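Trainee: Read in order, the letters of the sequence shown are residues 542 to 698 in the numbering used here.
Before anything else, here's the structure in question.
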Amino acid sequence: SEGVRLQDIPLLQVATGANLQGNLFLDGSFSGKGTALHGDIRMEIKRAELSGIKVSGMPLPDASYETIRGMFRASGGQGNLESLTFQGDGIYIRLKGTLAMAGPLASAPLNLTIELMPKPEFLEKQKLVFLLLAKYQKSPGSYHIPVAGTLMNPSIR
């Protein structure tokens, strides 16, 4: 199957302010609502191009990703992004954490971490971005960026 083209999902463009391209494949189901919502969904994006992504005005690196994979589970009013991994050309990114699912999704509070693991040559090509992210560096080649705020207005802590 061909999947859904990311560039055809307007909410993603609006929420991230970014240029997103690739083919999205989803598998899963949810039932209930509010605190009774439960279920899970697996996601895969093939041949992704992500550029111009900013969180709280902080730029994240532009990159191409052969594959992005993730698993999201919801139960008891809590959403758990178990892992969303980005395997890119010169960089590996993992996003994980939780969001409250009891109220409107757009205003769901976030408790996420973005882990960036760039290879030295990738880091060198996007030196300015990584200089801005320096305070989040945990060790050479490893950055942990805490994300709070809401789904429609994320912020870096």
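All residues carry an ideal CB built from backbone N, CA and C; glycine is no exception.
None of the values given here were measured: they were computed from a predicted structure.
Could you tell me which uninterrupted beta strand (DSSP E) segments, each at least 3 residues in length, are contained entirely in the segment 586-632, listed from first to last along the chain?
Mentor: 604-616, 619-629
Trainee: Just reading off the alpha helix (DSSP H) that L664 is part of, what are its end residues?
Mentor: First-last of the alpha helix (DSSP H) with L664: 661-666.
Trainee: Roughly how many whole angstroms lie between the Cα atoms of V688 and M612?
Mentor: Rounded to whole angstroms, the gap between the alpha carbons of V688 and M612 is 18 Å.
Trainee: Kindly indicate which three-state DSSP category G580 falls into: helix, strand or coil?
Mentor: It is a strand residue.
Trainee: For I655, count neighbouring Cβ atoms within 10 angstroms of its own Cβ and tell me buried if that reaches 16, exposed if not.
Mentor: buried
Trainee: Using a Cβ distance threshold of 8 Å, determine whether the segment 594-601 contacts the segment 615-624, with at least three qualifying pairs required.
Mentor: Contact between the segment 594-601 and the segment 615-624 is absent, with fewer than three C-beta pairs closer than 8 Å.
Trainee: Please report the distance separating the alpha-carbon of V545 from that of K676.
Mentor: 36 Å
Trainee: State the DSSP-derived secondary structure class of L673, mapped to helix, strand or coil.
Mentor: helix
Trainee: When burial is assigned at 16 or more other CB atoms within 10 Å of the CB, is S542 buried or exposed?
Mentor: The predicted model places S542 with a pLDDT of 49, which falls under 50 and marks its position as unreliable, so this point remains unresolved.
Trainee: For A647, count neighbouring Cβ atoms within 10 angstroms of its own Cβ and tell me buried if that reaches 16, exposed if not.
Mentor: exposed
Trainee: Can you tell which of D549, L591, L601, K574 has the C-alpha that lies nearest to the C-alpha of L669?
Mentor: The alpha carbon of L669 has as its nearest neighbour, out of D549, L591, L601, K574, the alpha carbon of L601.
Trainee: If you run the structure through DSSP and keep just helix, strand and coil, what is P551?
Mentor: helix
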